[in-house]
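Numbering (the working numbering), first residue to last: 304 to 534.
Notes follow the structure.
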């Protein structure tokens, strides 16, 4: 069994009208800052620290469609594939977080056995909330309320309708990490452009048809993120 896939997401309140969010894993490190007036988003900025393809950092401007969205609620966008998946995820988290009145929130996600049937996926939030799944490569196998459910098409709409907002948020974060976890085993430095990698065309900003052959690999960007302490 290969090393686990580790993803860490951190949110913080900086003053009365500013929140930040970041995501780190083996292939990615993005940060987003959201400004608000306690009612709606007034400004949003993204920063790429580590990114797999040369154009990923350009996707931050797409997040401006979140300006004007109410804080405290998860925003929804049409055409999410126009965005960098990971920047959009943390920006959406930040918009909801901005209305919760919290100083900080951290999610530590660990996917063990991502390279074989019987994977275990766990999310631990800094307040002790925990969500754990097992996955056979096709569908979730436990716990009971998730068993038999695919993590692919239809999962997000089901989670938002069937689960309370906090559990839905955690489930969507854990689902994303489980979906992307095989990237832990990829040596993307073998490729020159994203078109060579086998990633499906049109699934994110970098893989849109107009970019897939010009998005170059940012070699040497992969980093091992340490697993969370269980003290």
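Cβ atoms here follow ideal geometry from the backbone N, Cα and C, with glycine treated the same way.
Kindly list the residues whose CB is nearer than 6 angstroms to the CB of residue i, restricted to its own chain and excluding five residues on each side of it in sequence; keep chain order.
{"i": "residue 445", "result": "437"}
{"i": "residue 308", "result": "414, 417, 484 and 487"}
{"i": "residue 339", "result": "320, 345, 374 and 401"}
{"i": "residue 316", "result": "322 and 406"}
{"i": "residue 324", "result": "314, 335, 393, 396 and 397"}
From the DSSP output, read off the bridge partner residues of residue i.
{"i": "residue 433", "result": "427"}
{"i": "residue 438", "result": "422 and 443"}
{"i": "residue 410", "result": "312 and 428"}
{"i": "residue 510", "result": "For residue 510, which the question treats as bridged, DSSP gives no partner whatsoever."}
{"i": "residue 496", "result": "519"}
Looking only at its chain, what residues have a beta carbon closer than 7 angstroms to the beta carbon of residue i, apart from the 5 residues adjacent to it on each side?
{"i": "residue 450", "result": "443 and 444"}
{"i": "residue 357", "result": "518, 519 and 521"}
{"i": "residue 494", "result": "500 and 520"}
{"i": "residue 462", "result": "471, 474 and 475"}
{"i": "residue 359", "result": "351, 387, 508 and 509"}
Near residue i, which residues of its chain fall below 8 angstroms by C-beta distance, leaving aside the five closest residues on each side in sequence?
{"i": "residue 481", "result": "414, 417, 422, 424, 436, 438 and 454"}
{"i": "residue 515", "result": "496, 497, 498, 504 and 509"}
{"i": "residue 534", "result": "Only weak support is given to the placement of residue 534: the predicted model assigns it a pLDDT of 49, under 50, and the value that follows is read from those uncertain coordinates. No residues qualify anywhere along the chain."}
{"i": "residue 492", "result": "520, 522, 523 and 525"}
{"i": "residue 478", "result": "454, 458, 459 and 462"}
{"i": "residue 383", "result": "391"}
{"i": "residue 529", "result": "309"}
{"i": "residue 466", "result": "474"}
Hey, out of the options, whose CA is closest to residue i's CA?
{"i": "residue 366", "options": "341, 356 and 396", "result": "396"}
{"i": "residue 531", "options": "458, 426 and 473", "result": "426"}
{"i": "residue 332", "options": "464, 311 and 465", "result": "311"}
{"i": "residue 348", "options": "359, 358 and 336", "result": "336"}
{"i": "residue 404", "options": "432, 342, 502 and 393", "result": "342"}
{"i": "residue 370", "options": "359, 394, 360 and 385", "result": "394"}
{"i": "residue 411", "options": "428, 318 and 399", "result": "428"}
{"i": "residue 431", "options": "456, 372, 398 and 469", "result": "469"}
{"i": "residue 398", "options": "326, 355, 452 and 378", "result": "378"}
Just to confirm the assignment, what range does the beta strand (DSSP E) spanning residue i have?
{"i": "residue 322", "result": "321 to 327"}
{"i": "residue 478", "result": "That residue, residue 478, is in no beta strand (DSSP E); its alpha helix (DSSP H) goes 468 to 483."}
{"i": "residue 315", "result": "308 to 316"}
Output the boundary residues of the alpha helix (DSSP H) element that contains residue i.
{"i": "residue 463", "result": "458 to 465"}
Check your understanding: Fully enclosed by the stretch 322 to 389, which beta strand (DSSP E) runs are 3 residues long or longer?
Key -> 332 to 339 and 344 to 353
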